[in-house]
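This report concerns only the one structure given below.
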Amino acid sequence: LAKSTGSSTFWSRHCSAVNLVETGPKDKPKRVGGICTRCQTIMHPGKEGAPENHKRGLCSDGVPTHMSSVKYDNDKKMQETTPPWPQPAGLFTKMKKVHYFHPLAFLAVVRHMYEVAVIQQDAGALTMEHEAFAEMLLQRIKTIDGSILFRLFPQLQIPPSTPASLIVDIHGVRFLRVDCLRNEA
78 LAKSTGSSTF WSRHCSAVNL VETGPKDKPK RVGGICTRCQ TIMHPGKEGA PENHKRGLCS
138 DGVPTHMSSV KYDNDKKMQE TTPPWPQPAG LFTKMKKVHY FHPLAFLAVV RHMYEVAVIQ
198 QDAGALTMEH EAFAEMLLQR IKTIDGSILF RLFPQLQIPP STPASLIVDI HGVRFLRVDC
258 LRNEA
């Protein structure tokens with residue numbers, strides 16, 4: 078009701094000018110904008126095939142968006158989780174429909190983080206990628222018989238250029254040696 082006249086004519090006429098309920102054709106479904114559960118970006122902000130769209134099955138840091146469960150030799154089934162987003166560039170790639178994890182790039186990041194955080198004592202200089210990397214490292218690292226080992230992702234291939242001496246197989250589970258973190262004191 079209007080204050081001065083006490084009538085609802087003004088509001089009835091103006092409110093009916095805008096439909097509050099969509100009454101258009103229902104035959105073409107609207108494109109729903111999904112959000113990647115890993116990197117929290119809108120999957121398809123552009124038209125179909127646009128370069129700004131999220132790649133199918135792959136986040137911007139190269140990590141697959143989903144990892145399936147894996148059965149190991151001892152018949153234990155483990156659900157693999159994707160590493161936290163974002164990871165440093167070059168650790169994860171996809172070439173010709175094959176996802177790769179690069180152990181040498183991984184060890185280079187470990188060395189860089191050690192130099193910055195421990196030797197230079199400047200942990201504030203590390204980026205968001207390094208924080209996510211450290212979280213992944215803590216989730217997957219183990220000490221077995223005095224060796225520090227990083228559990229590899231069974232769904233991901235490692236490049237043939239990786240030295241065989243860096244990879245250890247324990248009961249069907251592949252690990253990467255991270256001996257540079259071992260305390261020799």
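Taking the working numbering, the leading residue of the sequence shown gets 78, the next gets one more, and so forth.
Where is the CB? At the ideal position from N, CA and C, for every residue including glycine.
In this text the structure is predicted, and so the values were computed from the model without any measurement.
CB-CB length for Gln117 against Val140, believed under 8 Å:
Position 40 of the sequence shown, counted from the start, is the residue given in the question as residue 117. Position 63 of the sequence shown, counted from the start, is the residue given in the question as residue 140. Gln117 to Val140, Cβ: 14 Å. No contact.
Determine the closest residue to Glu206 out of Ile244, Trp162 and His176, with distance taken between C-alpha atoms.
Residue numbering aside, residue 206 sits at position 129 when the sequence shown is read from its first letter. Comparing Cα positions, the closest option is Trp162.
Quick one: using the 10 Å Cβ neighbour count with 16 as the cut-off for buried, is Leu229 buried or exposed?
The count along the sequence shown starts at 1 and reaches residue 229 at position 152. Residue environment: Leu229 is assigned as buried (16 or more neighbouring CB atoms within 10 Å of its CB, all protein chains considered).
Less than 7 Å separating the beta-carbons of Val193 and Ala185?
Position 116 of the sequence shown, counted from the first residue, corresponds to residue 193. Position 108 of the sequence shown, counted from the first residue, corresponds to residue 185. Result no, Cβ atoms of Val193 and Ala185 do not sit closer than 7 Å.
By how many angstroms is the C-alpha of Asp256 removed from the C-alpha of Arg188?
On the sequence shown, residue 188 is found 111 positions in, with the first residue counted as 1. On the sequence shown, residue 256 is found 179 positions in, with the first residue counted as 1. Roughly 11 Å separates the two Cα atoms.
If the criterion is Cβ atoms closer than 7 Å, does the pair Leu71 and Ile225 meet it?
Nothing can be reported for residue 71: it is not among the residues displayed for the chain, which extend from 78 to 262.
What are the start and end residues of the beta strand (DSSP E) that includes Leu243?
Sequence index remark: in the sequence shown, residue 243 carries index 166 (1-based). The continuous stretches of beta strand (DSSP E) do not include Leu243, and DSSP gives it neither H nor E.
By DSSP's criteria, Ser224 is part of a beta bridge. Which residues make up the other side?
For the purposes of this step, residue 224 is taken as residue 147 along the sequence shown, with counting starting at 1. DSSP, once it has assigned bridges, lists Ile221 as partnering Ser224.
Element boundaries [alpha helix (DSSP H), containing Leu184]:
For the purposes of this step, residue 184 is taken as the residue at position 107 of the sequence shown. Element bounds for Leu184: Pro180 to Tyr191.
Thinking C-alpha only, which one of Met172, Leu214 and His179 is nearest Tyr191?
Stepping through the sequence shown from its first residue, residue 191 is reached at position 114. The shortest C-alpha separation from Tyr191 is found at Leu214.
Have a look at Glu125, Leu181 and Ala209 and flag the residue whose alpha-carbon is nearest the alpha-carbon of Ala241.
Position 164 of the sequence shown, counting from 1, holds the residue named residue 241. Cα-wise, what sits closest to Ala241 is Leu181.
Could you check if Pro160 is buried or exposed, using at least 16 other CB atoms within 10 Å of its CB as the buried criterion?
Stepping through the sequence shown from its first residue, residue 160 is reached at position 83. Looking at its Cβ environment, which holds 16 or more other Cβ atoms inside 10 Å, Pro160 is buried.
Could you please give the first and the last residue of the uninterrupted alpha helix (DSSP H) stretch that includes Arg90?
Reading the sequence shown from its first residue, position 13 is the one you call residue 90. Residues Thr86 to Cys92.
Look at the alpha carbon of Phe169 and the alpha carbon of Asp138, and state the distance between them as a whole number of angstroms.
The sequence position of residue 169 within the sequence shown is 92, counting from 1. The sequence position of residue 138 within the sequence shown is 61, counting from 1. Cα to Cα, the separation comes out at about 7 Å.
Go ahead and pull the three-state DSSP assignment for Ala262.
Along the sequence shown, one-based indexing puts residue 262 at 185. Low confidence applies here, because Ala262 scores a pLDDT of 49, under 50, leaving its location unreliable; read the following figure in that light. Three-state result, Ala262: coil.
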